[in-house]
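Asks: Those protein sequences? They're chains A and B, same order as listed. Just so we're aligned, residue 372 is where the first sequence starts under our numbering, counting upward by one. Just so we're aligned, residue 372 is where the second sequence starts under our numbering, counting upward by one. Think of the CB as a built atom: it goes at the ideal place given N, C-alpha and C, for glycine as much as any other residue. Take a look at this one; I'll ask things after.
2 protein chains.
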Amino acid sequence: MLGREELVSFEFDLDTLVERLAAGRYRARLTDRWNALGGRPNGGYVLSASVRALADAMAATDPLAVSAFFLRPAAPGLASISTEVVRTGRRISTGEVRLVQAEREVLRALVSFADLSAPGGRSVLLAAPPELPPVEDAIDLLGGRSIPDVTIVDRYDYRAAAAPGWVHGKPSGDASMMFWLRFRDERPVDTLALVAMVDAAWPAVLELGEAGSSTVELTVHIRARPQPGWLACRVRTRYVIGGYHEEDFEIWDRDGHLVAQSRQLALLA
Amino acid sequence: MLGREELVSFEFDLDTLVERLAAGRYRARLTDRWNALGGRPNGGYVLSASVRALADAMAATDPLAVSAFFLRPAAPGLASISTEVVRTGRRISTGEVRLVQAEREVLRALVSFADLSAPGGRSVLLAAPPELPPVEDAIDLLGGRSIPDVTIVDRYDYRAAAAPGWVHGKPSGDASMMFWLRFRDERPVDTLALVAMVDAAWPAVLELGEAGSSTVELTVHIRARPQPGWLACRVRTRYVIGGYHEEDFEIWDRDGHLVAQSRQLALLA
């Protein structure tokens, strides 16, 4: 019997589709279904299409460490992606990818890949997963509503104990949040999708009364392949200095495994 | 009157010296004075020489976001460095740098630069600086001793409330530490030196009884220019999974300003 993932085309897979034109050259079509505040394609979405092309070029499995520099805002529409194999190692392979629109470079990223199917080596967890109510008892943070121009929120489901303060016009002053996350079409989450998901929520600085945040650099470390089901997220900004701030994002699966850890440096919008 | 920094050649400046051969091409000579566990030049040291070349090529002031992928171990001796200007922006400029030894790429990094002399914009601190005794009351963690082959510890002074457990053969099981840090020759710390300093201590996983750690990827965010004097450091590893682990490093100046924040993904040695 075929699983549903073989019968259904999921939004994420359709919208990150890359067409191989030649060795190291790909074409993508960024859609308007993943737009963030400002009506521009979300950085994590643009990055995941880029990483998908690089993984194809390198015949690689799991992204392990991804660092992306966001040079210009992306726009819905055609994008050219070029890839370079930097080093093929026994355990870790590294490549570089550039995404260009209208002859201007939008994003450049370095990515190390590894096979995370067979983890070996020691594990020690010195911090706990996010504390969240069971998904069944959590509330839909958007209450089924859409946000004009912010189409990305229609691609995901967000569930938490309570809605963040900014939603009601009362930012808490604490730039942290915890919530359950999944694709709304229930696409199974693999390590490529985690690269998009660490950037899939509203900026934590909205709880400081800020209007938005634009990413300068995003580093993602993939720590394990997630088990199926909802993912538990913990997001936090500790230091805003001269407008620059970090945002730390952790994603855990329902079995209590940390699967992704990211940090971005961003600038208040 | 000239300050001492104009009269004295400091070790860090001598050992990260880069010679410009042509546009975008530099030569460096890595010394054996910054060797880490294993007798290889420390990654932060190699990275700071690379960033120095790129800053020269871009006529840039402060590194803002640095992401380095460590492809092969470096060795003391000659290195070729090539630089590329990726984007020159009004506020942020981005470039790429590669360091090659014996025709093999050792390190590739993407770097965004900005001018941090005139910070503008909002600041909010939601976490506190490290809690350390005054430097005068803190102990020298190495007690003036050297460690065979680990020459980097002769370049820095480390002071803390107490020596880490691993020093006495009794790892605490808590992979975190706080200490004061400065160059032993008291070189004033600028934003370039911070890129080296976030990698200048022993791995936090030594407190888990591990023998060492090798860096896969290191991201450094420079948050401010430090005031003169000792720097307060806080280092922590929370998650070791299949041997891979993150190490978070914060550096604060004596005035209580966060000046650098880094995370590296590393593999148990």
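Does the CB of Ser584/B have a neighbour CB from chain A at under 7 Å?
Replies: no
Asks: Using a Cβ-based criterion (distance less than 6 Å to any ligand heavy atom), does Glu617/B qualify as near the ligand ATP?
Replies: Because no ligand of any kind appears in the structure shown, any question about the ligand ATP cannot be addressed here.
Asks: Using only the alpha-carbon positions, how far apart do Gln605/A and Asp619/A sit?
Replies: Looking at the sequence shown, residue 605/A is not Gln but Arg. Rounded to whole angstroms, Arg605/A to Asp619/A spans 8 Å at the Cα level.
Asks: Hey, Leu602/B and Leu552/B are a contact pair by Cβ (cut 8 Å); roughly how many whole angstroms apart?
Replies: 5 Å
Asks: Residues in the same chain with beta-carbon distance under 7 Å from Gly491/A, minus the five sequence neighbours each way, listed in chain order, please.
Replies: none
Asks: Output the distance between the C-alpha atoms of Ser419/B and Gly600/A, rounded to the nearest integer angstrom.
Replies: 43 Å
Asks: Taking the C-alpha atoms as reference points, what is the distance between Pro574/A and Ala631/B?
Replies: 21 Å
Asks: For the candidate residues Arg458/B, Gly614/B, Ala509/B and Leu503/B, whose alpha-carbon lies nearest to that of Ala640/B?
Replies: Gly614/B
Asks: What does Trp623/A pair with, by DSSP beta-bridge criteria?
Replies: According to DSSP, Trp623/A bridges with Ala603/A and Leu629/A.
Asks: Taking C-beta to C-beta, are Ala450/B and Ala399/B nearer than 7 Å?
Replies: yes
Asks: So, at 7 Å on beta carbons, what are the nonlocal neighbours of Leu368/A in its own chain, with the 5 sequence-adjacent residues on each side left out?
Replies: The requested residue 368/A is not part of the displayed model; chain A covers only 372 to 640.
Asks: Hey, how far is the Cα of Leu401/B from the Cα of Ser517/A?
Replies: 56 Å
Asks: With a threshold of 7 Å between beta-carbons, can Glu578/B be considered close to chain A, or not?
Replies: no
Asks: So, at 8 Å on beta carbons, what are the nonlocal neighbours of Met372/B in its own chain, with the 5 sequence-adjacent residues on each side left out?
Replies: Only weak support exists for where Met372/B lies, its pLDDT of 42 falling under 50; the coordinates are left without a value.
Asks: Less than 7 Å between CB atoms is the rule here; does Arg594/A satisfy it with respect to chain B?
Replies: At a cut-off of 7 Å between C-beta atoms, Arg594/A counts as an interface residue with respect to chain B.
Asks: Quick one, which of Ser380/A, Leu629/A, Leu579/A and Leu481/A has its alpha-carbon nearest Val569/A's?
Replies: Selected option, being the one with the closest Cα: Leu629/A.
Asks: Does the separation of the CB atoms of Tyr527/A and Ala499/A fall below 7 Å?
Replies: no
Asks: Using a Cβ cut-off of 7 Å (strictly closer), state whether Ala564/B contacts chain A.
Replies: No, Ala564/B does not count as interfacial toward chain A.
Asks: Contact criterion: CB-CB distance below 7 Å. Does Ile612/A meet it with respect to chain B?
Replies: yes
Asks: Name the chain B residues whose beta carbon is nearer than 7 Å to that of Tyr615/A?
Replies: Arg594
Asks: Roughly how far, in whole angstroms, is the beta-carbon of Val611/B from the beta-carbon of Val495/A, given that I think they are within contact range, below 8 Å?
Replies: Yes, they are in contact, since the Cβ atoms of Val611/B and Val495/A sit about 4 Å apart, within 8 Å.
Asks: With Asp561/A as the anchor, note down where its beta strand (DSSP E) starts and where it stops.
Replies: Asp561/A -> no beta strand (DSSP E), and no H or E assigned at all.
Asks: With a CB to CB cut of under 8 Å and the five nearest residues on each side skipped, what residues in its chain are close to Ala533/B?
Replies: Ile510
Asks: In terms of DSSP beta bridges, what is Arg458/A paired with?
Replies: Thr465/A
Asks: For the beta strand (DSSP E) holding Ser547/A, just list the boundary residues, first then last.
Replies: Ser547 to Phe554
Asks: What are the residues of the stretch 437–462 of chain B that lie near chain A, defined by any Cβ-Cβ distance shorter than 7 Å?
Replies: Ser438, Phe440, Leu442, Val457 and Arg458
Asks: Give the straight-line distance between the Cα atoms of Asp545/B and Ala637/B, rounded to the nearest whole angstrom.
Replies: The C-alpha of Ala637/B is placed about 17 Å away from the C-alpha of Asp545/B.
Asks: Please list the partners that Glu588/A has in chain B, where partner means a Cβ-to-Cβ separation under 7 Å.
Replies: Under the 7 Å cutoff, chain B gives Ala436, Ser438 and Ser483.
Asks: Can you name the residues of chain B whose CB is closer than 7 Å to the CB of Val495/A?
Replies: Leu579 and Val611
Asks: Taking C-beta pairs closer than 7 Å, name the residues in chain A that Thr465/B reaches, listed in chain order.
Replies: Here the neighbours are Phe440 and Leu442.
Asks: Comparing the C-beta of Leu636/B with each C-beta of chain A, is any distance below 7 Å?
Replies: yes
Asks: Which one or two residues does DSSP pair with Gln689/A in a beta bridge?
Replies: No statement about residue 689/A is possible, as the shown extent of chain A runs from 372 to 640 and does not include it.
Asks: Less than 7 Å separating the beta-carbons of Arg391/A and Ser453/A?
Replies: No.
Asks: So for Arg530/A, helix, strand or coil by DSSP?
Replies: In this structure, Arg530/A counts as strand in the three-state DSSP scheme.
Asks: Got a sec? Which residues, its chain only, sit under 7 Å from Val457/A by beta carbon, not counting five neighbours each side?
Replies: Thr465, Gly466 and Glu467
Asks: Report the rounded CA-to-CA distance for Leu435/A versus Leu388/A, giving the unit in angstroms.
Replies: Here the alpha carbons of Leu388/A and Leu435/A stand approximately 21 Å from one another.
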